[in-house]
Each structure stands twice: as structure tokens, then as C-alpha cells.
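Chains as they are written, first to last, in the working numbering: chain U, 3 to 323; chain L, 3 to 323; chain B, 3 to 323; chain W, 3 to 323.
These notes concern the structure reproduced below.
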């Protein structure tokens with residue numbers, strides 16, 4: 003690890019212009035080592051399928067996938083000469099396409115470092131100010147196009163499995179001890195540069211499209227606290243933290259956690275994204291990994307390449323084994 | 003290869019309910035073999051960044067990335083109690099998020115098998131009828147959520163390099179001979195199960211966001227013809243065909259190519275997607291591969307998990323080497 | 003009245019190409035007569051304000067009003083030269099504009115004749131077929147741009163007032179007798195060419211933005227039945243029927259009403275829009291008229307001029323008195 | 003007139019909380035007087051029909067009218083029980099509805115007083131600051147829902163007719179003398195409280211949907227200058243100013259006009275909306291009025307009731323005669 007300090011983690015250590023954070027640690031060597039973990043050729047899809055009915059945080063924009071062009075519509079509309087028989091299309095070729103209206107923060111996500119701001123000047127990671135780098139068309143610093151392709155060792159920590167429950171209860175704070183216990187039971191460790199995915203069991207209720215809002219909301223509030231996050235980053239060198247919930251951290255935070263960053267509704271986000279430059283993986287489907295007891299793998303993910311967006315959204319990261 | 007027949011390719015050979023096409027050929031063994039090609043740990047991002055100004059086919063819906071929530075807006079709007087100081091947010095945590103309005107057919111894409119329909123009954127791959135499987139919220143058969151994670155051997159065929167041009171001229175038809183010539187010059191072959199990405203050079207004009215529509219449009223019309231497509235699928239067993247243009251095939255098609263499928267404005271699409279069940283990779287950025295003379299690699303890509311959409315859009319596939 | 007027949011109403015009597023329906027009855031003379039009813043110069047705004055939280059029928063697309071350009075965004079984005087000091091804008095002129103994403107069927111509406119289809123061939127008014135006149139970009143026959151400006155005598159029928167209730171109960175069917183009773187109590191009559199607005203009291207719960215979905219849903223299901231609709235059109239010559247609910251008619255319909263048009267979830271819509279060519283006014287705010295006991299007035303309304311849309315939406319019709 | 007001062011006009015004279023501006027001048031008496039001008043019962047529709055191809059200022063969000071629900075889609079999708087035969091819909095009732103994605107500043111508009119900000123603090127009319135009254139979901143002061151129904155005397159000033167041209171040339175500044183000349187030729191005057199609509203002839207090129215961008219852009223830059231605007235407001239007491247162009251004023255402004263408000267790309271907007279509290283009517287179709295030589299009429303218009311939007315958009319104001 004180039005800039006990680008045990009007991010301290012990372013922080014704003016990559017230069018004044020950096021938008022990448024600790025993913026700068028990835029090297030050809032680390033990627034190669036991660037891919038060496040693949041011995042069976044299995045590919046686990048960690049994505050949760052999204053549609054207009056999917057559970058999401060209520061503050062986000064709604065999702066609509068709307069048939070934009072359809073074979074019947076193309077034929078009826080006749081707005082493009084080349085689609086008509088007279089235009090040569092005697093075989094009747096047509097197409098489906100859709101207009102997507104959606105949030106950049108839904109379903110399986112990777113939070114970019116610019117997602118969260120904090121403090122009187124609304125600063126994001128590395129001190130970039132929202133007033134300077136925001137705008138009408140999304141964020142102009144640390145948007146998702148600055149997130150490099152992620153290829154790294156991944157470890158799944160099955161806390162729900164350790165507790166022998168389908169899913170952790172509402173608002174449950176996953177502690178350092180929970181994580182250490184699960185790692186011990188799984189006989190795997192978090193080494194510096196590892197992406198850590200923590201299983202609460204919530205994704206088991208996603209189903210076809212995440213339409214059972216009540217059930218999902220109930221378990222979605224479980225997650226790690228600030229103590230566990232700090233231990234993973236500062237003592238273990240975790241390259242990114244993730245979970246099978248919409249927000250990784252338990253909510254609402256206890257006063258001590260909230261006050262640790264000066265009063266916040268999501269102190270773990272502030273700590274990881276803004277203060278440490280550590281990305282957050284959300285709503286990753288860990289059910290198949292748990293069923294197969296796959297605890298160590300090569301994690302491979304890329305966000306969409308959409309300028310201005312602050313989170314990869316509706317992704318399908320891979321656990322390769 | 004399980005169902006490929008030399009001289010014939012695939013077709014509707016995977017059963018009446020199949021929505022996957024020839025990607026059914028992928029196995030643990032084939033994925034493992036593909037990943038074995040990675041010897042250096044380099045990850046080439048094949049995605050082209052998209053924004054509201056990006057070049058796209060004019061029939062698609064426009065793209066807008068609109069700042070939905072912003073720190074200033076959250077503070078002014080005060081619509082969520084927990085974001086206010088009284089609600090405990092004394093440290094002033096806020097966030098950026100965006101509303102995305104876009105087509106499912108822009109920038110770097112993987113066309114799903116349901117994208118194209120053909121014939122008097124508007125059939126897509128495997129005979130599914132648009133009138134039965136379309137709908138108001140996107141396609142209900144062969145949408146992108148049915149595309150499995152793609153991990154396969156990839157080969158880049160640098161036709162622009164062979165011709166020693168920056169980019170192929172407008173409407174140029176890439177022939178079987180061009181491809182054979184480039185493969186010979188590169189000393190690499192297409193073996194059954196290979197994903198073939200053909201370079202026209204068009205993507206070199208994409209730049210930050212594809213805003214030079216005139217320049218891109220000029221070269222974007224070059225691509226393979228039906229003869230080259232058939233040879234790659236039927237004789238060589240290509241698992242998927244792609245390029246650095248918006249449509250893979252040269253346009254407009256010559257009458258013979260159009261008539262070969264009964265009259266069509268994009269006969270190669272009809273042949274590959276509908277008749278053969280072979281996916282198409284579009285607008286892949288092959289410039290860095292060409293610069294580094296990387297011709298063989300592990301291709302890894304997943305589409306977004308958005309139900310109803312017919313193409314992975316604004317993707318960042320990887321060439322791992 | 004040019005084509006109205008007592009005991010029969012209108013129907014498809016305006017020629018094979020007609021998209022206007024019984025609004026063809028309006029003449030200079032009828033408009034002038036309607037405006038003569040204005041003796042005080044009072045203008046009652048019948049519109050209900052719409053925003054992202056407003057109650058609407060769940061099958062419609064969501065509403066988002068998103069700040070698209072803002073002074074802070076314009077200044078930060080610097081994408082337009084003329085907005086910068088160097089471009090001459092030393093005084094700092096900027097602007098607000100919004101991106102609207104909404105349904106064409108929300109808040110205060112006028113249903114166009116193409117809104118509803120019925121029967122095995124999905125026919126709309128005058129026998130136009132959806133398969134021929136639909137398309138990808140809205141309806142191509144009887145869209146709202148074919149609705150002429152409406153200037154006509156209006157009568158408000160205060161059924162909630164007659165019953166001495168705040169609002170009619172859930173699912174209540176307003177009968178011909180209810181309407182006759184209210185007209186008698188109000189000492190006003192429906193003459194041929196009159197627009198009839200029937201008050202259930204539901205709009206009193208709309209408030210700032212219609213956010214009390216539960217309360218609105220409770221009363222929104224009251225409305226007229228087929229018998230009252232037929233009497234108003236066929237015996238009284240009503241030019242249009244409206245109410246202060248989202249759908250004018252009581253729901254769900256009793257089997258006899260449903261079967262009267264061959265089985266339908268909204269038989270009054272089928273009868274008025276498709277069979278008779280009579281427009282429907284929905285979610286009109288009649289509270290101020292009721293408070294001032296204004297029962298007769300000049301009704302003036304125009305829809306937006308948006309091609310393809312099937313209902314004027316979020317309108318502010320006027321009752322001039 | 004309650005607050006108008008000759009030689010000064012209005013300004014911020016309606017109290018610190020006012021969002022209405024000089025439309026406060028309208029009274030029952032003034033509305034009644036305006037409606038008395040209607041002697042023939044003719045209704046002139048001043049709206050220009052809008053669709054996805056319509057000309058608009060390039061800084062605005064794109065327009066898409068997308069078929070959201072259609073009879074074929076409803077039948078195929080089967081997502082709502084009551085639409086199925088089993089659910090009782092044996093007659094096959096279905097519907098068309100659309101998703102509208104559009105700017106609040108297109109086609110026939112009324113600019114609200116919050117549309118334009120100016121000065122170092124981005125103030126709008128009456129000193130409201132954008133930083134305080136903006137937000138994520140549109141403007142929270144002086145949005146269109148605060149614009150009262152407009153019923154007033156209207157006068158059309160046919161400058162193109164006076165000059166005997168089809169449309170005024172590109173960038174032409176309409177002067178006070180032009181307006182006085184046209185009024186003289188028309189034998190009509192602007193009295194205090196009159197809405198003044200100035201014809202350049204540009205709308206004659208709108209056609210079905212404003213798709214001839216080049217032709218429209220050419221003439222759209224003609225309009226009034228600051229001198230004419232001031233004369234109309236301060237000397238004549240005009241209640242609102244409008245035109246048949248997208249921006250009322252000629253562009254780009256001469257340095258003297260720009261500097262008169264401290265450096266601005268649209269000084270007439272700053273003067274009228276922000277400094278005087280006078281609304282602007284844009285892209286009003288004055289062609290039929292010109293053809294019939296109708297110069298004096300009752301102007302009746304309401305904006306849509308959409309909270310947060312800053313301009314009535316795609317409207318159909320009426321000239322009643």
C-alpha cells in the first residue's frame with residue numbers, strides 16, 4: 003500500500019487535484035493478484051434488478067422505463083423514411099428502445115467520492131466545495147467517470163450467517179466484534195487492499211424487482227457503525243466497504259456516532275467518502291455468495307460512464323471465483 | 003462449443019424459452035481460460051463518457067443529467083427534517099444526486115437480443131413477438147437483465163491500423179479480407195468463443211464527451227458487411243461482434259446486403275441479433291488497445307440491471323490483459 | 003344546437019374526419035351569450051396546484067419539477083459564454099428554469115376525445131383505431147391541440163351542498179335525482195350547450211398540493227353514474243361534464259353500468275368520450291364557487307398546446323361571473 | 003391604476019411579500035371593462051403548438067412527449083387487474099396517456115417574475131434572493147402559481163404590418179417610434195392597464211410545430227429595446243408586454259442597452275420582470291389577429307398550476323373579440 007498508514011487510514015493524501023481516493027492503491031500487481039483468486043471460473047452477479055416499482059430511498063427521483071420506440075410505434079409513426087417500405091425497409095425491420103428516467107442512486111450502487119458533502123462550506127472529498135464544483139448538470143469533480151475500473155480482492159463477511167438469522171433486525175449496529183467473529187468463522191481475513199462486503203441478509207427480500215418496500219425497509223436500516231468502519235479502514239486497510247443494504251451504515255445513528263463527525267445523519271458516509279476517500283458499495287446481492295459459502299473472490303466492477311453522476315447505479319458487479 | 007455448427011453458426015437452437023442466445027456457450031471452463039490471458043494486470047476501460055452533448059443516433063431520446071439534490075438545494079428546500087440542524091444535522095451533511103433522463107441506446111453499448119425485430123410479425127430472437135412481449139415499460143423478453151455477465155476471450159481487429167488511416171472513410175464496408183489481413187498482421191486468430199472487436203478508428207474523435215457530431219458522423223458509417231459477419235459467426239464461431247462505432251455495420255447497406263434479409267436498413271443487426279442470437283458491442287473505445295498493440299485479452303462486461311431495457315448503455319467494458 | 007337530438011345526444015355525427023365532437027356546437031353567438039353572463043368581473047380560478055407530492059391515479063407517470071438552470075448553476079457551469087463577465091454579463095443576469103417530467107393526466111384536467119379506447123379494435127371517438135393513430139410520441143388523432151378554446155355557459159351543481167356534507171362518501175353514485183334536486187335548490191337549469199360541473203366536495207381536501215392521498219382517495223371515488231350522464235347529455239344537451247374528482251364517475255361501477263357498455267371499468271368515460279364525443283372536466287376546484295353560491299357563469303378554458311397529449315393537465319380553467 | 007406613477011411605472015411598490023407585481027392592478031371593474039370589448043364572440047387562439055421538434059432557446063431542456071400507456075401496452079402489460087377480462091373489463095376499455103418531459107420555457111409562454119435574477123446577490127423581483135428562495139424542485143417565490151388569471155384589455159401592435167414586411171429582419175430593434183407609428187395606423191391607443199402584444203411576424207414561420215429552426219432563428223432576434231419598453235411602461239402604463247418571438251427583446255443588445263442595467267444579455271427582461279414587476283408574454287401567435295386586423299380585444303390567459311415552474315409554457319392565451 004502506497005499511502006495507507008496503520009491507525010490512520012488514508013485521507014486527503016493523494017494531492018490537491020485527486021478525485022480517486024484510495025483506489026489509487028490499485029496497481030497492475032494488485033489486479034493480477036486479485037484475478038489469481040479465480041480458480042473455478044464462476045461469475046457471481048451481485049446486481050439487484052431495478053424497475054419502476056423498486057424500493058429506494060424516498061429522497062431520490064422516481065424510476066420509469068418507458069418504451070420510446072417500438073415496432074408498432076415505428077410503423078405507425080412513419081417519421082423516419084428509411085423505416086418505410088418505400089424507403090427500402092420491405093422486410094419490416096424495427097426496434098425497441100426505451101427512455102430511462104431514473105436516479106443515479108438506486109439499486110446496486112457504488113457511491114462516488116463527491117456524493118456526500120459536509121461542514122459549513124459543503125465540502126466533498128479533498129476539500130472540493132460544492133459551490134464551486136456543483137452545477138446544473140451534475141457534479142464536476144469526483145463524478146463516477148473518475149472512478150477507475152475496480153479489480154481487487156473481495157471478502158464477504160456474513161454477519162447474518164454468523165447470527166444465524168435470515169436478516170439482521172431493524173436498526174441493528176454491526177460491530178467490530180461481529181465482523182471479527184464472522185471472519186473467524188469463515189476462516190478468512192481482511193488484508194490491506196481488500197474490498198469488504200458485509201451481509202445483513204436484506205437482499206434476500208429483493209426478489210424480482212425490490213417491490214416489497216415494507217419488508218426491505220425493515221432490514222435495510224441495519225449496518226455497520228463508525229467503530230467498525232474505522233477499524234476496517236484504519237487497522238485493516240480495507241479498500242472499500244459495502245453491504246447488501248441501501249446505505250451500508252445502521253440508521254438512525256446513535257448520538258455518539260452522529261457527534262463524532264460534528265452532527266450528521268450518516269456519519270459513516272461522511273467518514274468514508276469525504277474524510278477518508280474510501281468508496282461505498284451499496285445494495286450488493288450477497289445471497290448467492292452466502293449460499294455457496296464463497297468468502298474470498300476477485301471483485302470486478304465498473305460504473306457507467308455518465309458525466310456528472312455521483313454514483314454508479316443499477317450496476318452488476320462481479321465476484322469471480 | 004455446445005451448439006455451434008461450422009458453416010451454420012447458432013440460430014434458434016437453445017430451446018423455445020431461451021433469451022440468452024449464444025452466450026449460453028460460456029462455461030466455468032471458458033471463463034477461467036479467458037481470465038488466464040491476464041498476465042500483466044492491466045485493465046483497459048473500453049467505455050466512452052456520455053453527457054447531454056454526446057453524439058447519438060438521432061432517433062433516440064435525448065440525454066439530460068440534471069442535478070436533482072444539491073447541498074445548496076437541500077439546505078434551502080428543508081423538505082426533510084433530518085437534514086436540518088434541529089433534526090440533528092448540526093454538521094451540515096448534505097449530498098449530490100442526479101436525475102438521469104436518457105436513452106438505453108447511447109455511448110458504449112451491448113445490444114440485447116430483443117433490440118431488433120424483423121418480418122411481418124415483428125419477431126425478435128427466438129420468434130418472440132413484439133405484440134406479445136412488448137409493453138408500456140420496456141421489453142418483457144430478452145431485456146438486458148437476461149444477458150449474463152460476459153467473461154470471454156476478446157480479440158481486437160485493427161482494420162484502421164491495417165489500412166494505416168486515422169479512421170476508415172464514410173460508409174466503408176469492412177470485408178472478410180480486411181479482417182483476415184488484420185488478424186494476420188497482428189498474429190492472432192479468432193477461435194470459437196471469441197468476442198471480436200473491430201476498430202474503425204471512429205472513437206478517436208469522441209474526446210471528452212462525443213460532442214463533435216460532424217466528425218463522428220463522418221466515420222461512424224463505416225463497419226462490417228453481412229459477408230464478414232457471416233464468416234465470423236459461421237466459420238470462426240465468434241461469440242459476439244463489436245466495434246468502435248454506433249452500429250457495427252456500414253450504412254447505408256448495399257442493396258444485396260439489404261435484400262439478403264428481405265429488405266432492411268440494418269441487415270447485420272437482423273442477422274446477428276434476431277437470426278443468430280449473437281450480441282453486438284457498440285461504441286467500444288479501442289484506441290488505448292491500438293496504441294498498446296493489445297490484440298488478445300479477457301473481455302469482461304456486465305450491463306446495468308434495469309428491467310425492460312434493450313441495451314446496456316454508457317457502459318465501461320474491460321479488456322484485462 | 004346544430005346536431006344534438008333530444009333523447010339521443012350527439013355521437014359520431016360530425017363527419018368521418020372530425021376530432022372535435024360536440025364542441026363543434028360552439029359559435030360566435032354562443033360564446034358571446036356565455037360572456038354576457040359576466041356582470042361583476044369576478045374570475046374564479048378552478049385549478050388545483052400540482053407538484054411532485056400531488057395525489058394522482060397510480061397508473062400515471064410520476065411528477066418531478068426539477069430546477070434545470072439556476073443562478074448558482076449558471077455561474078458555476080459557465081457553459082454559455084454570454085453569461086460570463088467576459089461575455090459582457092457584468093451585471094450578473096441569470097435565470098431559473100425547470101425540467102418538467104409529468105403525466106398528461108394530472109391535477110385539473112380536460113380529457114381529450116382520444117384518451118379512452120374501447121372494444122376489440124381499440125377504437126376511440128369517431129372510430130379512429132389506436133393501432134392506426136397511436137404512435138411513439140403520443141396520439142395522432144384527437145389530441146389536445148384539436149380541442150378548441152372553450153367559452154361556454156357553465157353551471158355548477160352542488161350535490162355535496164344539497165346533501166349538507168363536507169364531501170360525498172366513498173363510491174357514492176350521484177343520481178339524476180341528486181342533480182335535479184340540486185338544480186332546483188340552486189334555482190338554475192341546464193340548458194343545451196351548458197358545461198355542467200358537479201361538486202362532490204373532494205377538492206376541499208386538496209390544500210396546497212394534494213398531498214393528503216388517503217383523504218382524497220376516500221372521496222375521489224364518488225361521482226355520477228351512467229344514468230345521470232345519459233340524462234344530462236341526451237335530455238339536457240350538456241356540452242361537457244365535469245367534477246371535482248379525478249374521474250367524474252363513481253368507482254368501481256356497479257355491474258349494470260359496466261355491462262351497459264359491454265364490460266368496462268369506467269363506463270361513463272366510454273359513453274361520454276368515445277360514444278358521444280363529449281369532453282370530461284376533472285379535478286376542477288369548485289370550493290370557491292360553492293362558498294360564494296355561484297351557480298351560473300362563463301366557463302373559459304384552453305388546454306396546453308402540446309401535440310400528442312390526450313388531456314389538458316394541471317390547468318386553471320376560469321369561471322367568470 | 004392604484005400604484006402606477008407616470009414617468010416611473012411600478013417597481014417594488016406592492017409590499018415586501020408581494021409576488022404578483024403590477025397584475026395587482028386588475029380589479030373586478032377592469033376585468034369587466036375588458037370583457038365588454040367582446041362584441042362578436044370570436045375567440046383567437048394565440049398558442050403555438052409544441053412538440054419534440056419545436057424551435058426553442060438551446061439552453062432549455064429538451065421536449066419529449068412519450069406514449070406512456072397505450073391500448074396495446076395496457077393489454078400486453080397486464081399490470082392492473084381491472085384492465086383484464088377476468089377483472090371485469092370484458093369490453094376492452096383502455097387508454098392513452100403520455101409522459102411529458104419538457105422545459106417550463108417553451109412555445110407560447112408567460113414569464114413569471116422569478117424567471118430572471120440580476121446583480122451580485124442574484125435577486126429576483128422584490129429583492130427575493132435566489133440563494134434563499136431557489137431549491138431543488140423549482141422556485142419557491144413568484145412561481146407561476148402566484149400569477150393570477152389574466153383578464154385585461156389587449157392591444158396588438160403590428161410593426162411588421164407597418165413596415166410592410168413578412169417579418170422583421172434579424173436583430174432589428176423595434177423603437178418607440180415604430181410602436182407609435184403602428185398605433186396611429188391602427189387607430190388604437192395603449193391606455194393604462196393594457197396588455198401590449200407586438201408583432202414581428204416571426205410566428206408565421208412556426209407552422210405545425212416550429213420545426214424550421216433556421217427560419218425562426220433568423221427573425222426571432224428582432225424585438226423591442228429598452229427605450230420602447232420604458233416608454234410603454236412608464237409613460238403608457240402597459241400592464242404586460244409581449245410579442246411573437248421567444249424573447250420579446252432584440253438580441254444581442256447594443257452596449258448602451260446592456261450597460262443601462264449594469265451589463266446584461268437581456269436588459270429588457272431585467273427591466274420588466276425584476277425591476278418593474280411587469281410580466282412578459284412570449285411566442286404569442288399574432289398572425290390571425292393581423293389577418294383580421296383585430297387590434298383591440300379582451301386578453302384572457304392562465305398559466306398551468308405547477309408549483310415551482312417559472313413560466314407558463316405551451317399555453318393558449320385567448321384574444322376575445
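All C-beta atoms in this analysis are idealised placements derived from N, C-alpha and C, irrespective of residue type, glycine included.
Please read all numbers here as calculations on a predicted model, not as lab measurements.
Residue i - partner residues in DSSP beta bridges
i	result
residue 127 (chain W)	Residue 127 (chain W) is not bridged to any residue.
residue 321 (chain W)	W:46 and W:301
residue 159 (chain W)	W:200
residue 248 (chain W)	The partner list for residue 248 (chain W) (beta bridge, DSSP) is empty, contrary to what the question assumes.
residue 27 (chain U)	Note: residue 27 (chain U) sits in no beta bridge, so no partner.
residue 243 (chain U)	U:198 and U:282
residue 313 (chain B)	B:113
residue 154 (chain W)	W:301
residue 2 (chain W)	Lying outside 3 to 323, the shown extent of chain W, residue 2 (chain W) is not represented and no answer is given.
Distance CB(residue i)-CB(residue j) smaller than 9 Å
i	j	result
residue 59 (chain W)	residue 249 (chain W)	yes
residue 105 (chain U)	residue 84 (chain L)	no
residue 48 (chain W)	residue 320 (chain W)	yes
residue 148 (chain W)	residue 115 (chain W)	yes
residue 64 (chain B)	residue 103 (chain B)	yes
residue 285 (chain L)	residue 111 (chain L)	yes
residue 129 (chain B)	residue 99 (chain W)	no
residue 86 (chain W)	residue 120 (chain B)	no
residue 244 (chain U)	residue 181 (chain U)	no
residue 109 (chain L)	residue 127 (chain L)	no
residue 141 (chain B)	residue 311 (chain B)	yes
residue 25 (chain W)	residue 271 (chain W)	no
residue 296 (chain B)	residue 44 (chain B)	yes
residue 117 (chain W)	residue 171 (chain W)	no
residue 124 (chain L)	residue 73 (chain U)	yes
Partners in chain B for residue i, counting only beta-carbon separations shorter than 7 Å
i	result
residue 117 (chain W)	97 and 98
Contacts of residue i in chain U (Cβ-Cβ under 9 Å)
i	result
residue 132 (chain W)	Those within 9 Å of residue 132 (chain W) in chain U number zero; the least Cβ separation is about 13 Å.
Beta-carbon neighbours of residue i, restricted to chain W and to distances below 8 Å
i	result
residue 37 (chain B)	37, 40, 43 and 322
Cross-chain neighbours of residue i in chain B, by beta carbon under 8 Å
i	result
residue 105 (chain W)	70, 99, 100, 101 and 102
Within chain U, the residues that residue i reaches when beta carbons sit closer than 7 Å
i	result
residue 24 (chain L)	Those do not exist, as residue 24 (chain L) stays about 17 Å from chain U at its closest Cβ, beyond 7 Å.
Cross-chain neighbours of residue i in chain W, by beta carbon under 7 Å
i	result
residue 109 (chain B)	307
Contact list for residue i against chain L, beta-carbon separation under 9 Å
i	result
residue 1 (chain U)	Since the first residue shown for chain U is 3 and the last is 323, residue 1 (chain U) is missing from the structure and cannot be characterised.
Proximal chain B residues relative to residue i, where beta-carbon distance stays under 9 Å
i	result
residue 195 (chain W)	In chain order: nothing, as chain B lies at least about 13 Å away.
Quick one: which residues of the segment 64-75 of chain W get their C-beta closer than 9 Å to a C-beta of chain L? List them in chain order. 64, 65, 66, 68, 69, 70, 71, 72, 74 and 75
Against chain W, which members of the segment 281-299 of chain B pass a CB distance test of less than 7 Å? none
Which full runs of the alpha helix (DSSP H) of 4+ residues lie inside the segment 168-224 of chain L, going along the chain? 178-188 and 215-222
With 9 Å as the limit, tell me which residues of the segment 296-323 of chain W have their beta carbon closer than that to any beta carbon of chain U; keep them in chain order. none
Closer than 9 Å between beta carbons: that is the criterion. Which residues of the segment 80-94 of chain W meet it against chain B? 81, 82, 84, 85, 87, 89, 90, 91, 92, 93 and 94
What residues from the segment 213-244 of chain W come within 9 Å of chain B, judged by C-beta to C-beta, listed N to C? none
Go through the segment 84-116 of chain W residue by residue and report every complete run of the beta strand (DSSP E) that reaches 3 residues or more, in order. 99-105 and 111-113
Listed from N- to C-terminal order along the chain, which residues in the segment 137-165 of chain L have their beta-carbon within a distance smaller than 7 Å of any beta-carbon of chain W? 137, 138 and 139
Against chain B, which members of the segment 259-282 of chain W pass a CB distance test of less than 7 Å? 260, 263, 264, 265, 266, 267, 268 and 272
Residues of the segment 48-63 of chain W with a CB closer than 8 Å to any CB of chain B: list them in chain order, please. 49, 50, 51, 52, 53, 54, 61, 62 and 63
Which runs of the alpha helix (DSSP H), 4 residues or longer, sit entirely within the segment 51-87 of chain L? 73-79
Any C-beta of chain W within less than 7 Å: which residues of the segment 200-212 of chain B qualify? 211
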